[in-house]
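Enquirer:
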Amino acid sequence: MASAPTAPAATQLSIPALFARQRGRAEALRREAVSSRAARLRRLDTWLTDNRDAICEALYTDFRKPAVETDVTEIWSSQTELRHTLSHLEQWAAPRRVGTPMALVGTNGWVQAEPKGVTLIIAPWNYPFYLAVDPLISALAAGNAAIIKPSEMTPAVAELLARMCRELFDEAEVAVVQGDKEVATELLKLPFDHIFFTGSPQVGKIVMRAAAEHLTSVTLELGGKSPAVVDETANLRDAAEKIIWGKGLNAGQTCVAPDYVLVHEAVRDELVAEMRAATQRFYSPGGRPVSESDSFARIVNDHHFGRVAGLLEDARQQGAEVAFGGTTDAAQRFIEPTVLLDAPADSRIMQEEIFGPLLPVSTFSSLSRAVDLVNTHPKPLALYVFTQDRENQRYLLQNIPAGGACVNETILHLAHPELPFGGFGNSGIGRCHGHAGFMAFSNEKSVLKQRVGLTSLKPLYPPYTNTVSKMVGLLLRWL
Ligand code: NAD
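Counting the sequence shown from 1 gives a position; my numbering is that position plus 4.
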């Protein structure tokens, strides 16, 4: 018989043995005071502050992520979530009383959030630290044990996460299991109490199928093609800066990066000129080539470099025009910020999630046409609307279903801890961040307490005599 796969690096236990240990501890975690959960979170907060350099170094090793971007999108975002959670934890964990309907007078009702138990967090490579730590914060706040499976594509960060968890937690509470899809497949065979997956829609389907085997609840944070729609009333310089910033961050490897732009035909050329100017200001000040910029990351590995470069090549062959950019360097895994015009609707770049610094720009002549173009794709994770016209804003928000949206902004809805974050359909199931993240890792136990025996529904118990029937009649009529 083949031996059970071991969970390398963070633990000497086999995956099933680690799971069993966490299952045992989950019972104790369930009984813990909220203050113990908060103490765990505070330790994590201190570790993040003390290890800022190590986090930046790991991200730089994996894909030359600029330290400023790591500070903002991996460390600050994690600590914002953590501190928001700490300041609301007592309130979220407290029972929530509900009103009593007339028919149930004499009872009390409340909803009690309880830990789900042993949870699995599968993280992607694009924000490899934050997207492991952010769900961990919610899992711990809700009182769970957790196994984290980081992405194998960012090994320096995976190793750092393993060290972080060894230093902070007993592995019966939090453990990191490193490995690729085979390790993930082994983990997914186990009856976890919740699976929090961040990654592609394709793998999301595999995760959901595996979860169905145990009827395990899932949060699926997936991706897709997030459009930016720019109408003729928009402040074009502002829109261009925000779109180029959102696209250039992490070299376009962001789940909510503007994937493509739809702009009113009357202002396309002006918008493209502003985007070119913004790209120069951000990434080639003084005319230095973008490849020498310290503010622009690399593509994570050769496979993804080949995929993104292939999208560019295919678009060119299909007749798209490169407005600016277009340089690639395989040895550096560098792809220049590139704006493409007139990519055909059936070209791969207009069909697949780009996940790299390529930005196709298409035009529309009426807003309804823009809506139709977006809605030919599966529902996006994010929708970006640039307009000064309130009616156009209302129309676009009402007619394009999406996980989330920004008006005259990109990306920032993700950073707001009071805004639940997640997708819709192909871009995801469930919500994370703040209270929504806490609830994703909690079971809402609804409790009804009978205060006075006499006021129960006993008069309606069998046998169903005429009196009972009359009382039910009154109930239907009056209550
Ligand atoms: P991915 O789906 O390839 O991998 C994600 C994780 O799943 C990794 O840990 C990987 O090891 C694991 N995995 C891969 N194949 C598996 C399998 N067959 N069974 C079980 N697990 C498997 O995604 P990625 O390439 O790491 O990340 C990019 C994708 O993630 C993009 O689509 C992006 O939009 C999406 N994403 C979404 C969010 C969000 O918050 N909604 C955030 C970041 C990334």
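No residue lacks a Cβ here, since even glycine has one placed at the ideal position from N, Cα and C. Since the structure is predicted, the reported quantities are computational estimates derived from the model, not experimental observations.
Under DSSP, the alpha helix (DSSP H) around Thr-53 begins and ends at which residues?
Expert: Mapped onto the sequence shown, residue 53 falls at position 49. Taken as a continuous stretch (DSSP letters only), the alpha helix (DSSP H) holding Thr-53 covers 38-54.
Enquirer: Using 8 Å as the Cβ pair cut-off and three pairs as the minimum, do the segment 96-113 and the segment 282-300 touch?
Expert: no
Enquirer: What residue does the alpha helix (DSSP H) around Arg-455 start on, and which one ends it?
Expert: Taking the first residue of the sequence shown as 1, we reach residue 455 at position 451. Premise fails: Arg-455 is in no alpha helix (DSSP H) and is neither H nor E.
Enquirer: In this structure, how does DSSP classify Thr-332 when only helix, strand and coil are distinguished?
Expert: Taking the first residue of the sequence shown as position 1, residue 332 is located at position 328. In the structure shown, Thr-332 sits in a strand (DSSP, three-state: E or B).
Enquirer: Within the continuous alpha helix (DSSP H) that includes Gln-402, where are the two ends?
Expert: In the sequence shown, residue 402 corresponds to position 398, counting from 1. Looking at the DSSP string, the run of the alpha helix (DSSP H) that includes Gln-402 is 394-403.
Enquirer: Does the segment 147-158 come close enough to the segment 22-29 to have 3 or more Cβ pairs within less than 8 Å?
Expert: Contact between the segment 147-158 and the segment 22-29 is present, because at least three Cβ pairs lie under 8 Å.
Enquirer: When you compare the segment 231-244 with the segment 392-399, are there three or more beta-carbon pairs, one atom per stretch, that lie closer than 8 Å?
Expert: yes
Enquirer: Could you please give the first and the last residue of the uninterrupted beta strand (DSSP E) stretch that includes Ala-179?
Expert: Here residue 179 corresponds to residue number 175 of the sequence shown, with the count starting at 1. DSSP places Ala-179 inside the beta strand (DSSP E), whose first and last residues are 178-180.
Enquirer: Near Glu-94, which residues of its chain fall below 7 Å by C-beta distance, leaving aside the five closest residues on each side in sequence?
Expert: The count along the sequence shown starts at 1 and reaches residue 94 at position 90. When the five nearest sequence neighbours on each side are left out, the beta carbons in the same chain lying within less than 7 Å of the beta carbon of Glu-94 are those of Val-38, in order along the chain.
Enquirer: Going by DSSP, what residues sit across from Lys-246 in a beta bridge?
Expert: Taking the sequence shown and counting its residues from 1, one reaches residue 246 at position 242. Paired residue(s): none; Lys-246 is not in a bridge.
Enquirer: Should Pro-231 be labelled buried (16 or more other beta-carbon atoms within 10 Å of its own) or exposed?
Expert: Reading the sequence shown from its first residue, position 227 is the one you call residue 231. Buried, because 16 or more other Cβ atoms sit within 10 Å of the Cβ of Pro-231.
Enquirer: Does the distance between the C-beta of Asn-130 and the nearest non-hydrogen atom of the ligand NAD fall short of 8 Å?
Expert: For the purposes of this step, residue 130 is taken as residue 126 along the sequence shown, with counting starting at 1. Under cutoff, so the answer is yes.
Enquirer: Output yes or no for whether 9 Å exceeds the beta carbon distance between Pro-70 and Phe-300.
Expert: As a working note, residue 70 is residue 66 in the sequence shown. As a working note, residue 300 is residue 296 in the sequence shown. The answer is yes: Cβ separation under 9 Å.
Enquirer: Please classify Lys-120 as buried or exposed, where buried requires at least 16 other C-beta atoms within 10 Å of its C-beta.
Expert: Position 116 of the sequence shown, counted from the start, is the residue given in the question as residue 120. When all chains shown are included, Lys-120 counts as buried.
Enquirer: Should the segment 426-434 be regarded as contacting the segment 71-88, the criterion being three or more beta carbon pairs within less than 8 Å?
Expert: no
Enquirer: Please determine, among Val-472, His-439 and Leu-461, the residue with the shortest C-alpha to C-alpha distance to Ala-98.
Expert: Here residue 98 corresponds to residue number 94 of the sequence shown, with the count starting at 1. For Ala-98, the nearest C-alpha among the options comes from His-439.
Enquirer: Leaving out five residues before and five after Leu-192 in sequence, what residues of the same chain have Cβ atoms less than 6 Å from its Cβ?
Expert: Reading the sequence shown from its first residue, position 188 is the one you call residue 192. Result list for Leu-192: Ala-214, in chain order.
Enquirer: Look at the alpha carbon of Glu-356 and the alpha carbon of Leu-33, and state the distance between them as a whole number of angstroms.
Expert: Taking the sequence shown and counting its residues from 1, the one referred to as residue 356 is at position 352. Taking the sequence shown and counting its residues from 1, the one referred to as residue 33 is at position 29. Distance between the alpha carbons of Glu-356 and Leu-33: 43 Å.
Enquirer: Considering only the beta carbon of each residue, do Tyr-264 and Ile-353 sit closer than 9 Å?
Expert: In the sequence shown, counting from the first residue as 1, residue 264 sits at position 260. In the sequence shown, counting from the first residue as 1, residue 353 sits at position 349. Yes, Cβ-Cβ distance for Tyr-264 and Ile-353 is below 9 Å.
Enquirer: I'd like the list of long-range same chain contacts for Pro-348, defined as Cβ closer than 6 Å, with 5 residues on each side in sequence excluded.
Expert: As a working note, residue 348 is residue 344 in the sequence shown. Result list for Pro-348: Gln-322, in chain order.
Enquirer: How many whole angstroms separate the CB atoms of Ala-386 and Val-260, which I take to be in contact at a CB cut-off of 8 Å?
Expert: Numbered from its first residue, the sequence shown carries residue 386 at position 382. Numbered from its first residue, the sequence shown carries residue 260 at position 256. Correct: roughly 4 Å between the Cβ atoms.
Enquirer: So, using beta-carbon positions, are Glu-225 and Gly-427 closer together than 9 Å?
Expert: Locating residue 225 in the sequence shown gives position 221, where the first residue counts as 1. Locating residue 427 in the sequence shown gives position 423, where the first residue counts as 1. Against a cut-off of 9 Å, the Cβ pair of Gly-427 and Glu-225 comes out as a contact.
Enquirer: Name, in chain order, the residues that DSSP records as bridge partners for Trp-114.
Expert: Translated into positions along the sequence shown, residue 114 becomes position 110. Partner(s): Arg-101 and Val-451.
Enquirer: Looking at the secondary structure, which residues open and close the alpha helix (DSSP H) in which Phe-501 lies?
Expert: The requested residue 501 does not occur in the structure, where the chain is confined to residues 5 to 483.
Enquirer: So the candidates are Glu-118, Asp-57 and Val-178; which of them puts its Cα closest to the Cα of Glu-36?
Expert: Along the sequence shown, one-based indexing puts residue 36 at 32. It is Glu-118 whose Cα lies nearest to the Cα of Glu-36.
Enquirer: Which residue comes first and which comes last in the alpha helix (DSSP H) that contains Ala-166?
Expert: In the sequence shown, residue 166 corresponds to position 162, counting from 1. First-last of the alpha helix (DSSP H) with Ala-166: 159-172.
Enquirer: Span of the beta strand (DSSP E) holding Val-343?
Expert: As a first step, residue 343 is located in the sequence shown; it is residue number 339 there, counting from the start. Element bounds for Val-343: 342-345.
Enquirer: Using 8 Å for Cβ pairs, my map puts Arg-272 next to Val-343. What's the rounded Cβ distance?
Expert: Your numbering for residue 272 matches position 268 in the sequence shown. Your numbering for residue 343 matches position 339 in the sequence shown. No, Arg-272 and Val-343 are not in contact; Cβ-Cβ is about 11 Å, not under 8 Å.
Enquirer: Go through the segment 123-151 residue by residue and report every complete run of the alpha helix (DSSP H) that reaches 4 residues or more, in order.
Expert: Taking only runs of at least 4 residues, the alpha helix (DSSP H) segments lying wholly in the segment 123-151 are 134-145.
Enquirer: For Lys-185, which three-state DSSP category applies?
Expert: Within the sequence shown, residue 185 is the residue found at index 181, counting from 1. Of the three classes helix, strand and coil, the one that applies to Lys-185 here is helix, per DSSP.
Enquirer: Thinking Leu-3 and Glu-73 are a contact (beta carbons under 8 Å), I'd like their distance in whole angstroms, please.
Expert: There is simply no residue 3 to check, as the chain begins at 5 and stops at 483 in what is shown.
Enquirer: State the DSSP-derived secondary structure class of Tyr-388, mapped to helix, strand or coil.
Expert: For the purposes of this step, residue 388 is taken as the residue at position 384 of the sequence shown. Strand.
Enquirer: Taking its Cβ as the centre, do 16 or more other Cβ atoms sit within 10 Å of Asn-470, making it buried, or is it exposed?
Expert: Residue numbering aside, residue 470 sits at position 466 when the sequence shown is read from its first letter. Answer is exposed; the Cβ neighbour count stays below 16.
Enquirer: Going by DSSP, what residue range makes up the alpha helix (DSSP H) through Glu-225?
Expert: One-based indexing of the sequence shown puts residue 225 at position 221. Glu-225 -> not in any alpha helix (DSSP H); beta strand (DSSP E) instead, spanning 221-225.
Enquirer: Among Arg-41, Thr-53 and Arg-280, which one has its Cα closest to the Cα of Glu-340?
Expert: What you label residue 340 is simply residue 336 of the sequence shown in a count that begins at 1. With distances taken between Cα atoms, Glu-340 lies closest to Arg-280.
Enquirer: Mind listing, in chain order, the continuous alpha helix (DSSP H) runs of no fewer than 4 residues lying wholly within the segment 62-109?
Expert: 71-74 and 81-97
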